[in-house]
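Numbers 867 to 1022, taken from the numbering used here, label the letters of the sequence shown in order. Accompanying notes for the structure given below.
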Amino acid sequence: MRLTHVLAGLVAASVLTAGAVMAQGADPLAAAVKARQSHMQLYAFNLGLLGGMAQGNIAYDSAAASAAAANLAALSALDQSRYWPMGSAAGEVEGSRALAAIWAEGSDAAAKGQALNAAAVAMAAVAGTDLASLQGAMGALGGACGACHQSYRQTN
867 MRLTHVLAGL VAASVLTAGA VMAQGADPLA AAVKARQSHM QLYAFNLGLL
917 GGMAQGNIAY DSAAASAAAA NLAALSALDQ SRYWPMGSAA GEVEGSRALA
967 AIWAEGSDAA AKGQALNAAA VAMAAVAGTD LASLQGAMGA LGGACGACHQ
1017 SYRQTN
């Protein structure tokens, strides 16, 4: 069942990015921005469920928590290198919020991505156990997301 949820998440990622891939011939930088934004929406969708459970705003459901955490682990393990071409920073491509620093500090950005994957894998290991375990893993997961956003995403 868990593999089914992971596969469903990956299929959803493929569907969300399909439009970006088809539009790539017209403007490959805009397509890359659309693809990475779609990827981030999938992060937010799954993280929102886990965060809602952790805060008590959504009833804890071990199966749903496991599926969302597995999706995050799978998403964070995907190769995102084609989402981030040079020239796709905020101000260079409409809708981009990526700061140019992400390309200047590539090794730091990569380390932050690895930290996100480690936190997502840790969450996947415990999310379906019980609410307390999910809550315990939430800080590292949220911190990993926030670390990249604070350094490399333009604020609204």
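Heads up, the beta-carbon is just placed ideally off N, CA and C, and yes, glycines get one too.
- Of the candidates F911, A910, Q1016, A940, Q1016 places its Cα closest to the Cα of A964.
- In the DSSP annotation of this structure, A925 is not part of any alpha helix (DSSP H), being labelled neither H nor E.
- When the alpha-carbon of D927 is set against those of T995, C1011, Q1020, A1006, the nearest one is in T995.
- Listed as beta-bridge partners of A964 by DSSP are R1019.
- Note that the C-beta distance between A930 and A990 is not below 8 angstroms.
- Under the three-state reduction of DSSP, V992 is assigned to helix.
- Straight through space, the alpha carbons of M919 and L997 are spaced by roughly 8 angstroms.
- A985 sits away from A966, with the two beta carbons spaced by 8 angstroms or more.
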